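Quick notes on the structure that follows.
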Amino acid sequence: MSQSINTTSNQKKPILQRLKRNYIGWLFILLSIIGISLFYFYPMIQAFLLSLQSGMGANLDYVGFDNYVRLFNDPTFITALTNTVLYLLIQVPVMIVLALIFSVLLNDPTLKFKGFFRTAIFLPAVTSLVAYAVIFKYLFGNNGLVNDFLINLNLISSPIAWLSDPFWAKVTIIIAITWRWTGYNMIFYLSALQNVDRSMYEAARIDGASAFQQFFFITIPLLKPIILFTSIVSTIGTLQLFDEVMNITSGGPGNSTMTISMYIYNLSFEYTPDFGYAATVSYVILILVVILSFIQFKVAGDKE
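With UniProt numbering, letter number 6 in the sequence shown gets 6, and the count goes up by one each step, no holes.
See below:
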């Protein structure tokens with residue numbers, strides 16, 4: 001009888017220990033759960049409820065989904081959406097490709113001064129957003145260094161209106177974003193390449209594979225998870241683009257460079273404030289992030 005009691009108590013001990021471990025684990029992550037719920041999920045819910053209203057301050061009227069219907073008839077929003085998607089489709093692929101090329105070149109064990117080149121390319125990522133945007137504004141001015149340089153090389157006969165022409169203003173924004181964030185993505189690829197066995201490249205070289213073949217059939221497949229990660233992060237960052245546009249072109253000329261984030265700012269602080277409609281526009285960014293991330297996962301072949 002006493003033996004059966006001891007056996008039962010021995011069986012209960014692992015269960016109690018497991019419950020105790022689970023309790024301690026939940027206790028450790030409790031603060032994180034509370035913080036994420038308080039500062040992420042609660043604001044998201046409140047923003048959605050706000051998007052169903054119109055007005056400013058305490059004078060808010062419930063309008064249901066009228067704000068979402070209003071989006072399709074808002075020419076300024078359509079312009080901002082078009083500009084943002086254009087930046088996304090051009091800048092993100094260019095930046096990813098450049099980051100891949102730089103990472104491969106700087107991973108060459110025979111390259112001298114690798115530390116200097118890595119630091120120089122990554123340095124823009126830690127530069128103040130406002131500071132570099134203001135510098136770009138002066139560099140690409142009518143009398144800026146870029147025009148002077150191009151004229152001295154006889155590539156152009158008159159200054160390019162980088163900031164006052166709709167087309168060239170977009171080009172300036174794309175150049176600025178690419179300059180800043182290419183080094184940031186390069187570091188991820190370079191870190192991943194440090195863990196790749198060099199013997200794979202040596203074996204491919206012995207088999208007669210060219211540098212291009214090694215790049216497309218070894219490097220890119222091995223970096224596929226990192227490429228997916230940086231693509232999603234870059235997509236989210238571009239959809240939230242604000243600082244460069246605000247400080248370089250102020251959304252002009254006209255609204256030719258305005259982004260969704262800048263339009264949200266204008267709806268909240270520049271125009272007659274309409275916080276409900278601004279919240280509606282902000283939810284467009286959320287929807288685009290979800291859709292584009294899903295597409296990128298599918299294109300990358302992720303099955304999970």
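Here a beta-carbon is modelled for each residue, glycine too, at the ideal position from N, C-alpha and C. Model, not experiment: these values are computed from the prediction.
The C-alpha of Thr82 lies about 30 Å from the C-alpha of Ile187. Each residue's CA atom was taken as its position, placing Ala133 and Leu139 some 10 Å apart. Runs of the beta strand (DSSP E) lying entirely within the region 11-87, each at least 3 residues long, are 53-56 and 59-62 in chain order. For Trp26, the number of other beta carbons within 10 angstroms of its own is below 16, and it is reported as exposed. If one requires a minimum length of 4 residues, the alpha helix (DSSP H) runs lying completely within the region 136-165 are 145-152, in chain order. For Met262, the enclosing alpha helix (DSSP H) begins and ends at Ile260 to Tyr265.
Contact check for Ile260 and Val233: beta-carbon distance about 18 Å, past the 8 Å limit, so the pair fails to qualify. For the pair Thr238 and Leu129, the CB atoms are not nearer than the 8 Å cut-off. By the beta-carbon neighbour count (other beta carbons within 10 angstroms, threshold 16), Gln91 is buried. With a cut-off of 8 Å on Cβ pairs, the region 107-121 is not in contact with the region 167-181, counting fewer than three such pairs. In the structure shown, Asp243 adopts helical secondary structure according to DSSP, grouped into three states. For Glu202, the enclosing alpha helix (DSSP H) has its first and last residue at Arg198 to Ile206. With 16 or more other CB atoms across the displayed protein chains lying within 10 angstroms of its CB, Ile160 is buried. Look at Pro225 here: in three-state DSSP terms it is helix. Using a 10 angstroms sphere on the CB of Met262, the tally of other CB atoms reaches 16 or more, which defines it as buried.
The beta carbon of Gly254 is closer than 6 Å to none in its chain, skipping five residues each way along the sequence. In terms of Cβ geometry, Ile96 and Ile206 do not form a close pair [threshold 8 Å]. In the same chain as Trp162, and ignoring 5 residues on each side of it, the C-beta atoms closer than 6 Å to its own belong to Phe140, Trp168 and Thr172, in chain order. Under the three-pair Cβ rule at 8 Å, the region 269-286 does not count as touching the region 103-120.
With fewer than 16 other CB atoms across the displayed protein chains lying within 10 angstroms of its CB, Tyr271 is exposed.
Shown here, Gln91 sits in a helix according to DSSP, grouped into three states. Note on Asn266: 16 or more other CB atoms within 10 angstroms of its CB, so buried under the neighbour-count rule.
Within 10 angstroms of the beta-carbon of Lys137 lie 16 or more other beta-carbons, which makes it buried. When secondary structure is reduced to three states using DSSP, Gln214 falls in the helix class. A buried status is given to Tyr184, since no fewer than 16 other beta-carbon atoms sit within 10 Å of its beta-carbon.
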